[in-house]
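Here the sequence shown stands for residues 1 to 399, numbered as in UniProt numbering. Beta carbons: idealized from backbone N, C-alpha and C, even for Gly. Encoded as structure tokens, the structure appears first; notes follow it.
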Amino acid sequence: MCLPIEKKLDAVVADTAIISNRSQYAEFSQPYTEPGLQLVVYNKPRRPNRAWLFKQPFTSGMWAATGAMVLFNGFVVWLIERKHNPEFTRGTKLDQLGTMVSLSFTTLFSLQAERLHSNLSRMTMVVWLFVALVITQSYTASLTSLLTIQRLDPSIVDVETLRRSGAKVGCDGDSFVVKYLETIGFNSHNIIRKYSEDDYPEALINGSIAAAFLEVPYVKVFLAKQCHHNFTAGEIIKVGGFGFVFPKNSPYLPEISRAILQVSANGTLQNLEKSMISSSYKCLSDHPGNPEEDHDSLDLTSFQGLFLITVGTSVTALLLFGFRRGRKHWCCNSRGQPEPPNSTSTSTTCGDHENWLDYHLPNIGEEPLLPYHHYHAHQHDYWLSAWEREENQNRWPHR
Numbered sequence: 001m002c003l004p005i006e007k008k009l010d011a012v013v014a015d016t017a018i019i020s021n022r023s024q025y026a027e028f029s030q031p032y033t034e035p036g037l038q039l040v041v042y043n044k045p046r047r048p049n050r051a052w053l054f055k056q057p058f059t060s061g062m063w064a065a066t067g068a069m070v071l072f073n074g075f076v077v078w079l080i081e082r083k084h085n086p087e088f089t090r091g092t093k094l095d096q097l098g099t100m101v102s103l104s105f106t107t108l109f110s111l112q113a114e115r116l117h118s119n120l121s122r123m124t125m126v127v128w129l130f131v132a133l134v135i136t137q138s139y140t141a142s143l144t145s146l147l148t149i150q151r152l153d154p155s156i157v158d159v160e161t162l163r164r165s166g167a168k169v170g171c172d173g174d175s176f177v178v179k180y181l182e183t184i185g186f187n188s189h190n191i192i193r194k195y196s197e198d199d200y201p202e203a204l205i206n207g208s209i210a211a212a213f214l215e216v217p218y219v220k221v222f223l224a225k226q227c228h229h230n231f232t233a234g235e236i237i238k239v240g241g242f243g244f245v246f247p248k249n250s251p252y253l254p255e256i257s258r259a260i261l262q263v264s265a266n267g268t269l270q271n272l273e274k275s276m277i278s279s280s281y282k283c284l285s286d287h288p289g290n291p292e293e294d295h296d297s298l299d300l301t302s303f304q305g306l307f308l309i310t311v312g313t314s315v316t317a318l319l320l321f322g323f324r325r326g327r328k329h330w331c332c333n334s335r336g337q338p339e340p341p342n343s344t345s346t347s348t349t350c351g352d353h354e355n356w357l358d359y360h361l362p363n364i365g366e367e368p369l370l371p372y373h374h375y376h377a378h379q380h381d382y383w384l385s386a387w388e389r390e391e392n393q394n395r396w397p398h399r
């Protein structure tokens, strides 16, 4: 294409790139393909240390927050239940600490309802069990993704980085690309000429070239054909584009250019290109070249709402427990009566029969102070006395 077109040729129909020096000898129609050179690189599969892969689903902060939450909820339940359950207070302080830690972690998998006597501790554990279920399911899904989906290391896709680093690049040896790469600053020794499209995959995979410079139409075909490999396209350099070639002052040129603009504007050209690539190869033309996104570990912000709920529930249960214990202690001291040494209830048990509700009705989350039959006997006596007082008042006329 460096010589003038002979007059006996009316047009050249081929994948001819439109460049400035060729326009001295012939005229080109409007480009019928997207113009430009594009980088093609290979993303190497990442091979992490699978022995410690189980740590990657969560960040360090998430692991620390989960552990702290487990211990805090275990402490709250142990504090509320320690007077109800002799097992929680048995042995030395170290033994009790071990019991508390064991209780903390066993609640990750079950409610332990048979060991809990207070509704406050049950409330704490129900909320925490829900949060723990969400966390464990998220961890399982993330770990499964890490084990089954291939992760790729991103490759260099910047022209300037390739040029400054002296990386070897490949291109078509018979095209204008060789001269163009030298013009933009690539060393001629780092430009590897390839004469077949089948040479590029092996060269990119084994690392003999860091990237390949191909014209955009060739890149689309290459990615569609090599869709099962980890190739991806990068930066586009606006140059070239394919067009039809005509002799100087050809009468056909205006009509052909007008027709190309028309089919390009109404989308016919793009649909034709897509259908041809899709029908020729198994992969779709819009296949992205398998650019895998890096896996992001789940951090605390993903679960901060759930953590706030369980912390709020545990703190509320702890405050209610402390308030009831404090009320009981204050009530006994105000009457000058000793607090029952082994009482597990937080209600008033210092002989205050005037406040029937405090004495007879259990607090929320606590067991009744009296045995079941005594409890109902007191209820019967109270209501019987109230009925007798009402009857006595009704017998006397009002003055």
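- prompt: If Val169 and Ile184 are in contact, beta carbons under 8 Å, what's the gap, nearest whole angstrom?
  reply: For the purposes of this step, residue 169 is taken as residue 169 along the sequence shown, with counting starting at 1. For the purposes of this step, residue 184 is taken as residue 184 along the sequence shown, with counting starting at 1. Their Cβ separation, rounded to whole angstroms, is 11 Å, which puts Val169 and Ile184 out of contact at 8 Å.
Val169 - containing beta strand (DSSP E), residue span: Position 169 of the sequence shown, counting from 1, holds the residue named residue 169. Taken as a continuous stretch (DSSP letters only), the beta strand (DSSP E) holding Val169 covers Val169 to Asp172.
- prompt: Assuming Asn190 contacts Gly166 under a Cβ cut-off of 8 Å, what Cβ separation, rounded to an integer in Å, is found between them?
  reply: Along the sequence shown, read from residue 1 onward, the residue named residue 190 stands at position 190. Along the sequence shown, read from residue 1 onward, the residue named residue 166 stands at position 166. Yes, Asn190 and Gly166 are in contact; Cβ-Cβ is about 6 Å, under 8 Å.
field: Bridge partner(s) assigned by DSSP for Ile237
entry: Within the sequence shown, the letter at position 237 stands for residue 237. In DSSP, Ile237 forms a bridge with Leu37.
field: Local conformation of Thr92 per DSSP, three classes
entry: For the purposes of this step, residue 92 is identified with residue 92 of the sequence shown, where counting begins at 1. Of the three classes helix, strand and coil, the one that applies to Thr92 here is coil, per DSSP.
message: Please state the DSSP three-state secondary structure of residue 439.
response: The requested residue 439 does not occur in the structure, where the chain is confined to residues 1 to 399.
- prompt: By the 10 Å Cβ neighbour count, where 16 or more other Cβ atoms means buried, how is Ala141 classified, buried or exposed?
  reply: Residue mapping note: residue 141 aligns to position 141 of the sequence shown, counting from 1. By the neighbour-count rule (16 or more Cβ atoms within 10 Å), Ala141 is not buried but exposed.
field: Rounded straight-line distance, which links the Cα of Gln96 to that of Asn85
entry: On the sequence shown, position 85 is the one that residue 85 refers to. On the sequence shown, position 96 is the one that residue 96 refers to. Distance between the alpha carbons of Asn85 and Gln96 is about 12 Å.
- prompt: When DSSP builds the beta bridges, which residues end up paired with Tyr195?
  reply: Here residue 195 corresponds to residue number 195 of the sequence shown, with the count starting at 1. Looking at the DSSP assignment, Tyr195 forms no beta bridge with any residue, so it has no partner.
task: Work out the CA separation of Gly267 and Met276 for me, nearest whole Å.
output: Position 276 of the sequence shown holds residue 276. Position 267 of the sequence shown holds residue 267. Rounded to whole angstroms, Met276 to Gly267 spans 14 Å at the Cα level.
query: In whole angstroms, what separates the C-alpha of Gln226 from that of Tyr200?
result: For the purposes of this step, residue 226 is identified with residue 226 of the sequence shown, where counting begins at 1. For the purposes of this step, residue 200 is identified with residue 200 of the sequence shown, where counting begins at 1. C-alpha separation (whole angstroms): 10 Å.
Pick from Pro247, Leu147 and Asn187 that is closest to Arg164, judged by C-alpha positions: Within the sequence shown, residue 164 is the residue found at index 164, counting from 1. For Arg164, the nearest C-alpha among the options comes from Asn187.
query: Under three-state DSSP, which class holds residue 401?
result: Residue numbering for the chain in the displayed model covers 1 to 399; residue 401 lies beyond these limits and cannot be assessed.
- prompt: Hey, is the region 303-314 in contact with the region 116-133, meaning 3+ C-beta pairs nearer than 8 Å?
  reply: yes
query: What span of residues does the beta strand (DSSP E) with Gly243 cover, start to end?
result: By one-based count along the sequence shown, residue 243 stands at place 243. Phe242 to Phe246 is the span of the beta strand (DSSP E), which, as asked, contains Gly243.
- request: Report the three-state DSSP secondary structure of Leu9 (helix, strand or coil).
  value: Position 9 of the sequence shown, counted from the first residue, corresponds to residue 9. Coil, per DSSP.
task: List the whole-angstrom C-beta distance separating Ile18 from Gly173, where the pair is believed to meet the contact cut-off of C-beta under 8 Å.
output: Sequence index remark: in the sequence shown, residue 18 carries index 18 (1-based). Sequence index remark: in the sequence shown, residue 173 carries index 173 (1-based). About 20 Å; that fails the 8 Å criterion.
query: For Glu197, which of Glu81, Val177, Phe222 and Val178 has the nearest alpha-carbon?
result: Against the sequence shown, residue 197 aligns to sequence position 197. When each option's Cα is compared against that of Glu197, the closest is Phe222.
- request: Out of Ile260, Val127 and Leu319, point me to the one whose CA is closest to Glu34's CA.
  value: Position 34 of the sequence shown, counted from the first residue, corresponds to residue 34. Nearest option by C-alpha distance: Ile260.
message: Given this structure, state the Cα-to-Cα distance separating Val13 from Glu182, to the nearest angstrom.
response: By one-based count along the sequence shown, residue 13 stands at place 13. By one-based count along the sequence shown, residue 182 stands at place 182. Distance between the alpha carbons of Val13 and Glu182 is about 28 Å.
- request: Could you pull out every residue in the same chain whose Cβ sits closer than 6 Å to the Cβ of Asn290, ignoring the five residues on either side in sequence?
  value: Here the question's residue 290 lines up with position 290 in the sequence shown. Bear in mind that a pLDDT of 43 at Asn290, under 50, signals an unreliable position, so the number given afterwards is only what the model happens to contain. So the qualifying residues of the chain are Asn230.
query: Quick one, which of Phe213, Thr301, Phe321 and Ser145 has its alpha-carbon nearest Trp78's?
result: On the sequence shown, position 78 is the one that residue 78 refers to. Among Phe213, Thr301, Phe321 and Ser145, the Cα nearest to that of Trp78 belongs to Phe321.
query: Closest by CA to Phe213, which one among Gly234, Ala224, Leu133 and Leu308?
result: Your numbering for residue 213 matches position 213 in the sequence shown. Residue Gly234 is the option with its Cα nearest to Phe213.
task: For Thr140, write down the residues that DSSP places opposite it in a beta bridge.
output: Your numbering for residue 140 matches position 140 in the sequence shown. Paired residue(s): none; Thr140 is not in a bridge.
message: By alpha-carbon positions, which one of Gly326, Phe244, His228 and Ser278 ends up nearest to residue 476?
response: The displayed coordinates of the chain run from 1 to 399. Any statement about residue 476 would go beyond what the structure contains.
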